[in-house]
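Here is the structure we will look at, set down as structure tokens.
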Amino acid sequence: ETTPMPALFGRAVDAHPDRTLVEFMGRKLSYQAMHAEARRFAAGLQEAGIGRGDRVGLFLPNVPIYLSAYYGAMMAGATLVNFSPLYSVDELAHQVEDSGTRLLVTVDVAQLYDTAAEVLQKSSLKTLVVGELTGMLPTLKSIGLKLFKAKAVAKPAYGDSIVRWQDMLPRNEPKRLDITPDEIALLQYTGGTTGRPKGAMLSHGNLAANAQQVNAIDPVDRDEPDIIMGALPLFHVFANTCVLNRSIVRGATIAMVPRFDAGDVLATMKRARVTGFPGVPTMFQALLDHPKVAGQDFSNLRICISGGAPLADPLRDKWEKVSGVRLVEGYGLTESSGVVSTNPYEAQRKNGTIGQVLPQTRLLLLDKEDETRLAPEGEPGELAIHGPQIMQGYWNLPEADAEVFVEHQGRKWLRTGDVAIIGEDGFVEIVDRIKDMIAVGGFKVFPSQVEDVLQQHPAIRDVLVIGVPDDYKGEVPRAYASLQPDQRAPSAEVLRDWLNARVGKHERVDEVVIRKELPVTMVGKLDRKALRQEVLG
Numbered sequence: 009e010t011t012p013m014p015a016l017f018g019r020a021v022d023a024h025p026d027r028t029l030v031e032f033m034g035r036k037l038s039y040q041a042m043h044a045e046a047r048r049f050a051a052g053l054q055e056a057g058i059g060r061g062d063r064v065g066l067f068l069p070n071v072p073i074y075l076s077a078y079y080g081a082m083m084a085g086a087t088l089v090n091f092s093p094l095y096s097v098d099e100l101a102h103q104v105e106d107s108g109t110r111l112l113v114t115v116d117v118a119q120l121y122d123t124a125a126e127v128l129q130k131s132s133l134k135t136l137v138v139g140e141l142t143g144m145l146p147t148l149k150s151i152g153l154k155l156f157k158a159k160a161v162a163k164p165a166y167g168d169s170i171v172r173w174q175d176m177l178p179r180n181e182p183k184r185l186d187i188t189p190d191e192i193a194l195l196q197y198t199g200g201t202t203g204r205p206k207g208a209m210l211s212h213g214n215l216a217a218n219a220q221q222v223n224a225i226d227p228v229d230r231d232e233p234d235i236i237m238g239a240l241p242l243f244h245v246f247a248n249t250c251v252l253n254r255s256i257v258r259g260a261t262i263a264m265v266p267r268f269d270a271g272d273v274l275a276t277m278k279r280a281r282v283t284g285f286p287g288v289p290t291m292f293q294a295l296l297d298h299p300k301v302a303g304q305d306f307s308n309l310r311i312c313i314s315g316g317a318p319l320a321d322p323l324r325d326k327w328e329k330v331s332g333v334r335l336v337e338g339y340g341l342t343e344s345s346g347v348v349s350t351n352p353y354e355a356q357r358k359n360g361t362i363g364q365v366l367p368q369t370r371l372l373l374l375d376k377e378d379e380t381r382l383a384p385e386g387e388p389g390e391l392a393i394h395g396p397q398i399m400q401g402y403w404n405l406p407e408a409d410a411e412v413f414v415e416h417q418g419r420k421w422l423r424t425g426d427v428a429i430i431g432e433d434g435f436v437e438i439v440d441r442i443k444d445m446i447a448v449g450g451f452k453v454f455p456s457q458v459e460d461v462l463q464q465h466p467a468i469r470d471v472l473v474i475g476v477p478d479d480y481k482g483e484v485p486r487a488y489a490s491l492q493p494d495q496r497a498p499s500a501e502v503l504r505d506w507l508n509a510r511v512g513k514h515e516r517v518d519e520v521v522i523r524k525e526l527p528v529t530m531v532g533k534l535d536r537k538a539l540r541q542e543v544l545g
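In our numbering, the protein residues as written are 9 to 545.
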């Protein structure tokens with residue numbers, strides 16, 4: 009059902025007020041305590057004159073106040089804007105201006121605070137609210153932080169425009185608003201395969217629907233404790249739905265780590281007895297590479313979910329062998345509030361697919377050359393989606409909306425830019441991105457298909473294929489690869505010949521370039537766009 013987000017949270021608090029909502033470095037915070045802090049922040053925003061439609065930004069790592077600020081801003085009627093804690097001053101300033109963010113919440117970690125304070129000076133941002141990390145940690149850990157990491161802690165210049173988080177929490181209750189499901193709850197900036205990131209407008213109804221859709225496919229008995237690993241960055245849409253909002257719907261506990269560190273994550277999984285772990289492929293790889301994984305007890309863990317980037321077969325197989333826990337692959341977009349489809353948690357799955365769609369979600373395949381027509385029967389087409397989780401549009405970009413939405417069968421569909429095949433059993437396989445296709449002498453080559461073949465060589469760790477200019481064919485594929493640390497490395501020529509013997513004629517690469525590492529995005533996805541820019545300028 010579509011419902012405003014604060015109502016979703018309120019219901020969970022009424023059902024189990026004393027249950028732990030956040031476990032942070034050993035400190036436990038209940039549903040009731042987090043809800044009370046969110047209400048106080050809502051009242052503080054209202055006193056500061058921030059309400060319906062105003063934008064409140066979060067520039068935070070995974071810390072408990074992320075949750076109180078997120079729900080508190082929504083209770084005040086404001087629209088939230090998520091910013092990556094890795095943004096530079098320019099990136100943050102651009103998105104603050106684009107979104108019209110008036111108030112920004114951050115923490116007193118020097119790297120974040122210094123960036124935010126500079127943006128406050130040079131943008132139209134009015135207020136910076138600073139949470140103090142020591143107040144969020146168990147006592148001994150906070151003493152340790154003060155002693156050992158003094159340089160990492162900023163000394164905020166508190167005053168009119170820089171305010172302590174605690175000072176934004178008055179004792180009074182916020183004014184109650186009748187927020188409707190179609191009001192915009194969140195502006196979530198896309199990673200953007202082209203140009204500047206765009207703000208996807210996600211309504212209360214979009215976010216609530218997606219959290220409930222994800223919860224609906226979980227077959228585990230609700231009475232069993234559900235403890236979700238909060239290692240994905242909460243600013244990212246995948247974590248917003250699968251870690252934060254779905255946990256509230258489920259009545260789960262979030263075991264939060266400030267940022268992904270394989271050792272911290274393994275320790276947290278053990279301490280908090282984590283039962284569910286949504287992550288990106290690079291996280292599961294990093295855990296497998298960690299020396300402590302061998303002695304780890306995975307007996308509490310029931311399910312692991314991989315999203316954000318394609319999951320390679322060898323990685324999934326190795327994770328399942330080491331942990332004994334199923335790793336299921338799903339798919340989603342910023343524009344779909346997070347999740348569109350996933351492989352089943354228990355039933356038969358299909359490796360190499362993104363599974364089946366969530367309840368109430370429909371798919372179409374559009375003709376790759378002409379989105380006003382459907383793809384010919386049995387052929388790959390551009391995936392288009394209709395469902396309650398699909399965004400309202402892009403912030404202040406009507407021309408981008410016109411490009412991304414298409415009418416068919418009396419409904420509005422979101423074009424994904426992904427080329428897919430849908431099997432008779434409803435399993436969906438993504439074969440590539442329209443923008444990434446390489447035109448080799450009139451043939452279209454899907455780089456991901458070439459990557460998949462090279463990925464099967466035991467020496468390969470990561471691989472990206474891009475098109476490079478060629479006088480004769482226009483473009484030819486070239487592979488960039490990093491190697492597994494423990495392998496006797498074959499030469500680039502040997503790898504090239506091995507690959508070219510296994511792909512179609514026009515898919516053959518001109519060379520395999522071996523690199524120490526390949527570029528990744530902030531969420532840890534391999535970044536084809538960055539590689540292309542670096543190689544081709």
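All C-beta atoms in this analysis are idealised placements derived from N, C-alpha and C, irrespective of residue type, glycine included. Only a predicted model underlies this, so the values are computations on that prediction, with no experimental measurement involved.
Leaving aside the five residues that flank residue 79 on each side, the residues in its chain whose CB is nearer than 6 Å to its CB run, in chain order, 17, 46.
Going by DSSP, residue 17 is part of the alpha helix (DSSP H) stretching over 13–23.
Restricted to the region 187–219, not a single alpha helix (DSSP H) segment is unbroken, complete and at least 4 residues in length. Residue 475 places its beta carbon less than 8 Å from that of residue 484.
Close CB contacts of residue 408 within its chain, under the 7 Å cut and outside five residues either way in sequence, are with 206, 402 (chain order). Cβ atoms of residue 70 and residue 264 come within 8 Å of each other, at about 5 Å. Going by C-alpha positions, residue 422 is about 14 Å away from residue 349. Per DSSP, residue 447 is one residue of the beta strand (DSSP E) stretching across 446–448. Nearest to residue 54 by alpha-carbon distance, out of 396, 66, 85, is 85.
With a threshold of 16 other beta carbon atoms within 10 Å, residue 222 meets it and is buried. Residue pairing by DSSP puts residue 286 in a beta bridge opposite 313.
Looking at the DSSP output, residue 374 sits in a beta bridge with 382, 390. By the neighbour-count definition (other C-beta atoms within 10 Å, threshold 16), residue 218 is a buried residue. Three or more beta-carbon pairs separated by less than 8 Å link the region 514–526 to the region 476–495, which places the two stretches in contact.
Residue 398 and residue 343 have their C-alpha atoms roughly 6 Å apart.
The shortest C-alpha to C-alpha distance from residue 170 to any of 213, 151, 126 is the one to 126. Each of 95, 336, 294, 238 was checked against the Cα of residue 277, and the nearest Cα belongs to 238.
With respect to the 8 Å criterion, residue 392 and residue 371 are classified as neighbours on the basis of their beta carbons.
Taking the CA atoms as reference points, residue 279 sits about 8 Å from residue 34.
Membership of residue 261 in the beta strand (DSSP E) is indicated by the continuous run 261–264. Judged by their CB atoms, residue 128 and residue 136 are nearer to each other than the 8 Å cut-off.
Distance check between residue 500 and each of 517, 513, 510, 234 places 517 closest, using alpha-carbon atoms only. Secondary structure note for residue 516: it is in no beta strand (DSSP E), with a DSSP letter that is neither H nor E. Beta bridge pairing from DSSP links residue 109 with 63. Remark: fewer than three beta-carbon pairs, one from each stretch, lie closer than 8 Å, so the region 225–235 and the region 48–66 are not flagged as touching.
Annotated three-state conformation of residue 40 is helix, per DSSP.
With fewer than 16 other Cβ atoms inside 10 Å of its own Cβ, residue 174 counts as exposed. Taken atom to atom, the span from the alpha-carbon of residue 234 to that of residue 260 is near 5 Å.
Look at residue 416 here: in three-state DSSP terms it is strand. A distance below 6 Å between beta-carbons, with the five flanking residues on each side excluded, links residue 440 to the following residues of its chain, in chain order: 427, 454, 456. Residue state for residue 533 is assigned as coil, using DSSP reduced to three classes. Here residue 388 really is in contact with residue 429; their C-beta atoms are around 5 Å apart, less than 8 Å. Residue 160 counts as exposed, since fewer than 16 other beta carbons sit within 10 angstroms of its beta carbon.
Contact between the region 356–366 and the region 379–386 is not established, with fewer than three Cβ pairs separated by less than 8 Å. Ranking 543, 249, 191 by CA distance to the CA of residue 63 puts 191 first. With contacts defined by Cβ atoms closer than 8 Å, residue 118 and residue 56 do not form a contacting pair.
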